[in-house]
Amino acid sequence: MIPKSHPRYESLRTRNLIVNGIKEGITSLHGLIAHGRGEAFDYLLGEKTSEFAEKSIGAGAALLITAKNPVISVNGNSAVLVPNELAEISHLLSAPFEINIFHASKKREIKIKNHLIKNGAENVLLPDKRFKIRHLQSNRKYVNKNGILKADVVFVPLEDGDRTEALVRNRKKVIAVDINPLSRTARKATVTIVDNITRAMPLLIKTIKQYKKHDNKRLQKMAKGHDNRKNLKGSLNYMLQNFP
Ligand code: PTJ
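And the structure:
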């Protein structure tokens with residue numbers, strides 16, 4: 000049990016989530032490496048959400064609300080770090096989940112699904128070998144026909160390199176959460192939220208609730224006006240200048 004007074008409480012809490020996720024067979028062992036990389040970038044952010052991330056959260060919320068068929072793609076890291084928040088977003092948007100993992104394992108897909116359901120999710124889809132997206136060689140090309148296949152907007156909280164690019168080439172808009180502004184995912188997504196997923200998700204929920212009151216035209220304009228490249232540059236400069 001970590002005392003809340005510990006100066007690194009939040010960091011230790013999230014480490015434990017990943018470690019427990021591995022013990023429970025939800026998170027891949029590689030998830031540890033991904034998490035460590037995330038922690039290093041979070042130091043550069045001063046473990047705070049920047050104004051650039053706030054901007055992307057706004058654009059991402061606008062894109063998600065105005066999507067016809069939004070879907071939330073989940074892997075072994077996001078499932079254990081923010082399951083309740085993901086479930087809340089899914090309810091707010093009436094968007095299904097689709098499990099899509101890099102380190103292929105049917106067993107882990109089912110474990111992720113059950114973990115999401117235990118945390119309030121309802122509609123959780125699994126990939127189906129009868130359907131695939133183009134421009135992707137790996138196992139991740141298999142998708143569900145009621146999820147990623149028909150989606151116009153895919154929310155990808157935290158993942159590795161080549162799939163975002165493939166999703167975009169399949170004419171889908173992608174909203175990614177990636178604390179590394181230099182990653183392939185960050186550079187290829189339509190909207191990248193450069194922040195720790197644990198801070199970004201509550202803010203995204205708050206923004207979706209607020210923006211649901213706006214009309215669609217205004218939201219579409221906001222989403223269209225987002226310049227991802229400029230935002231990534233801003234995030235990177237923020238990190239470089241963040242020393243006291
Ligand atoms: O469950 P699977 O098999 O799909 O595997 C999931 C991981 C994450 C292990 C897999 O997708 C992978 O290997 O990812 P990468 O290539 O390590 O990339 C993960 C990205 O997420 C990196 O750019 C990290 O900086 C970033 N990241 C890690 N932790 C966080 C994060 N971004 C936001 N919040 C975090 N907490």
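Everything in the sequence shown is counted per numbering that gives the first Met the number 0, starting at 0 for the first residue and increasing by one. Glycine included, every Cβ here is placed at the ideal spot set by N, Cα and C.
Closer than 8 angstroms to some heavy atom of the ligand PTJ: that does not describe the Cβ of Phe96. Runs of alpha helix (DSSP H) with 4 or more residues, each lying fully within the region 169-232, are found at 183-187, 196-210 and 215-223, listed in chain order. Using a Cβ distance threshold of 9 angstroms, Ala222 and Leu115 do not count as a contacting pair.
Under the three-state reduction of DSSP, Val81 is assigned to coil, being neither helix nor strand. The beta-carbon distance between Leu166 and Val173, rounded to whole angstroms, is 5 angstroms. This is short enough to meet the 8 angstroms contact definition. Membership of Ser10 in the alpha helix (DSSP H) is indicated by the continuous run Tyr8 to Lys22. The beta carbon of Gly160 lies closer than 8 angstroms to those of Ser182, Arg183 and Thr184 in the same chain, with the five residues before and after it left out.
Here His34 has Ile17 as same chain residues with Cβ atoms under 6 angstroms from its own Cβ, once five neighbours each way along the sequence are excluded.
Taking 3 residues as the shortest admissible run, the region 74-137 contains the following complete beta strand (DSSP E) segments, listed from N- to C-terminal end: 96-98 and 127-131.
Under the three-state reduction of DSSP, Ile147 is assigned to coil, being neither helix nor strand.
A distance below 6 angstroms between beta-carbons, with the five flanking residues on each side excluded, links Val176 to the following residues of its chain, in chain order: Pro156, Leu157, Ile192, Ile196 and Ala199. Taking C-alpha positions only, His102 is separated from Gly233 by approximately 32 angstroms.
Distance from the CA atom of Thr65 to the CA atom of Asn169, rounded to whole angstroms, is 19 angstroms. In the structure shown, Ser4 adopts coil according to DSSP, grouped into three states. Annotation: the continuous alpha helix (DSSP H) that includes Ile32 extends over His29 to Leu43.
Annotated as distal: Glu46 and Glu84, with beta-carbon spacing of 9 angstroms or more. The C-beta distance from Asn179 to Arg36 rounds to 7 angstroms, short enough to fall under 8 angstroms.
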